[in-house]
Each structure stands twice: as structure tokens, then as C-alpha cells.
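Q: Here it is, the structure, as C-alpha cells.
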Amino acid sequence: GFTLIELMVVIVIIGILVAIALPNFISAQDRAKVASVKSNMHTIQTMIETYAVDWGGNYANLLGTETTAGTLMKEAKDKAYYKDFKNPFTAQSGAGQSYISAVTGTVNETTGASTGLKAGSVSYDPQISGTVPITKYFVYGGDKKDDFAILDKGKAFYLTNQ
Numbered sequence: 020g021f022t023l024i025e026l027m028v029v030i031v032i033i034g035i036l037v038a039i040a041l042p043n044f045i046s047a048q049d050r051a052k053v054a055s056v057k058s059n060m061h062t063i064q065t066m067i068e069t070y071a072v073d074w075g076g077n078y079a080n081l082l083g084t085e086t087t088a089g090t091l092m093k094e095a096k097d098k099a100y101y102k103d104f105k106n107p108f109t110a111q112s113g114a115g116q117s118y119i120s121a122v123t124g125t126v127n128e129t130t131g132a133s134t135g136l137k138a139g140s141v142s143y144d145p146q147i148s149g150t151v152p153i154t155k156y157f158v159y160g161g162d163k164k165d166d167f168a169i170l171d172k173g174k175a176f177y178l179t180n181q
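Structure, rendered in C-alpha cells:
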């Protein structure tokens, strides 16, 4: 058999290994969830660009919901290019969960701080200037904390058509 000292040494070694591995595992999970948000951002961007093709190069002025007339999501659903996706941080889908219509403020380029961007959600931010057709947009993704955009290489990560 094993002595008490030998068993205690083994338990201490296992404890040290767990203490080293657990933070790396949690970090890997967070990175995977952020990668999923980035994938969702690309899904929204594909729907945005398909909408623009259908509407002669004009982009939607609102992301909306699957049931709100005249919005990107309703149009995408009606024309069969809508693709549902889940928020990787909450496992929920649909308006207000996996995506939101727009960030209610600006997104800080260096810190990612933003107002209204929920963790794991995707936001469409059309650049509206008067009554002219929308020709520029940004798509942001929420990091693991509310009110923060995903950071990549020290800057807010976003997709745009410019």
C-alpha cells in the first residue's frame, strides 16, 4: 500500500495541476465564445449585403425583428436568407438576445466600451446621414461583459463595408 505522505504528495500535485490548467481552460472557453460571436457577426453581414443586393445597393436602416415590416430581419426571413444563431454566452436566440438593433452610443475604439451592447450579442450600426440611402455600416459584437465590444489586437473589432 501507499503511505499517508505519498497520498498527500499525489493530492498536492493534482491540486497544483488543476490550479494551472483551470484558468487556461476557462480562457479557452471564453476565446471560443468570442469566436462564435465573430461568426455571428459575419452571418449578419452576409444578410446585410444580400439585402443590399435586393434593394439596389441600399442598406437596411434597421435590423429589427423577424416580424417587424421593412427591417433587415423581416426581409431576410421573407426572402429565405435569414439564418438564426445563438448568443454563445446565454445560449438564447432572437431579437434582444443574440442580436440587437443598434448600439445606443458610440463604441470606444481602444477600450471597446459601448452603451447598450449586451454580452455575446451582435449589433448593426447603419451610418444614417439625413435622407440619403445608407451606404455605410458597422457590425459590432459584444464581449463577455455587457457594454463592451470584442477587442482584437488592442482595438474594437467590427465589420464594415468600407
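Here our numbering is used: the first residue of the sequence shown is 20, the next is one more, and so on. Glycine included, every Cβ here is placed at the ideal spot set by N, Cα and C.
What residues in its chain sit with their C-beta under 8 Å from that of T69, if we drop five residues either side in the sequence?
A: Closer than 8 Å at the Cβ level, and outside the excluded window around T69, lie A95, K98 and Y100.
Q: So is G139 buried or exposed if we call it buried at 16+ other beta carbons inside 10 Å?
A: G139 is buried by the Cβ-count criterion.
Q: State whether the segment 32–44 contacts the segment 160–171, with contact taken as three or more CB pairs (one from each stretch) at a distance under 8 Å.
A: Not touching, per the Cβ criterion.
Q: With a CB to CB cut of under 7 Å and the five nearest residues on each side skipped, what residues in its chain are close to T86?
A: The answer, listed in chain order, is K93.
Q: Please report how far the alpha carbon of Y156 lies from the alpha carbon of N180, in whole angstroms.
A: If I take the Cα positions, the gap works out to 6 Å.
Q: Can you list, in chain order, the residues of its chain with a C-beta nearer than 7 Å to that of D49? Leave out the 5 residues immediately preceding and following it.
A: The answer, listed in chain order, is K163.
Q: Using 10 angstroms around the beta-carbon of K102, count the other beta-carbons present and answer buried if the total reaches 16, otherwise exposed.
A: Looking at its Cβ environment, which holds fewer than 16 other Cβ atoms inside 10 Å, K102 is exposed.
Q: Roughly how far, in whole angstroms, is the beta-carbon of N80 from the beta-carbon of P145, given that I think they are within contact range, below 8 Å?
A: About 6 Å; that satisfies the 8 Å criterion.
Q: Could you check the C-alpha separation between M60 and V151 for me, to the nearest Å?
A: Cα to Cα, M60 sits roughly 25 Å from V151.
Q: Buried or exposed for N106, going by 16 or more other Cβ atoms inside 10 Å?
A: By the 10 Å Cβ count, N106 comes out buried.
Q: Could you spell out where the alpha helix (DSSP H) holding S55 opens and where it closes?
A: Residues L23 to D73.
Q: Assuming G131 and L178 are in contact, meaning their beta carbons sit under 8 Å apart, how far apart are those beta carbons, in whole angstroms?
A: About 15 Å separates the two Cβ atoms, so there is no contact after all.
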